[in-house]
Every structure is written in structure tokens, then in C-alpha cells.
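Enquirer: Take this structure, written in C-alpha cells, and hold onto it; I'll ask about it next.
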Amino acid sequence: MSSLKTIVVQVTPFVQNASIVICTQTNKCAFVDPGGDIDTLLDIAKSNNLIPEKILLTHGHIDHAGGAQELSN
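Numbering (our numbering), first residue to last: 9 to 81.
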């Protein structure tokens with residue numbers, strides 16, 4: 009049985025996919041390519057009782073990395 013779960017969320021006006029990768033054993037999560045819709049991602053994390061731990065970026069384009077600094081705070 010896998011201990012990882014992924015939630016995919018469409019973010020930014022570019023309609024880019026951000027992902028939240030979750031360890032189902034600890035409820036810790038990583039945001040992958042968060043884009044700029046940080047409030048949306050944080051609301052999902054909060055409603056699922058997730059503990060944000062990491063931010064992962066596949067590359068530096070604004071639609072993928074735009075909210076990384078804000079999210080890191």
C-alpha cells in the first residue's frame with residue numbers, strides 16, 4: 009500500500025497544474041510548482057490537515073515558480 013497521495017490543482021491564469029504530494033502516514037506535504045495561487049494551495053492543505061514541509065520546482069518559469077518565495081514564508 010502506497011504511503012503517498014497526490015492532489016493536482018489548476019493554478020494561475022495560465023491554467024498550470026500544481027501538485028501537493030502527501031505522505032499519508034505523517035500528513036506532511038510538498039508543493040510542486042505552486043505557481044501564484046498560494047492561498048488556494050494553503051486552503052487545501054489546511055482543510056486536509058496537512059503539514060507543509062517542502063517546495064519543489066521543476067523549472068523557473070513564472071507559472072511554476074511564481075509563488076515559491078511567498079509560500080516559503
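Even for Gly, the Cβ is constructed at its ideal location relative to N, Cα and C.
1. Do Ala26 and Leu49 count as a contact pair if the criterion is CB distance below 8 Å?
2. How is the alpha helix (DSSP H) around Ser80 delimited, first residue to last?
3. Can you have a look at Gln24 and say buried or exposed, based on whether 16 or more other CB atoms are within 10 angstroms of its CB?
4. Would the beta-carbon of Asp45 fall within 8 Å of that of Thr66?
5. Once the 5 residues before and after Ala52 are set aside, which same chain residues still bring their CB inside 7 Å of it?
Expert: Reading it off the structure:
1. Yes, the Cβ-Cβ distance between Leu49 and Ala26 is below 8 Å.
2. Start and end: Ala76 to Ser80.
3. Buried.
4. No.
5. According to the sequence provided, residue 52 is Ile. The question's Ala does not apply to it. Taken in chain order, the residues that qualify are Ile15, Val17 and Ile28.
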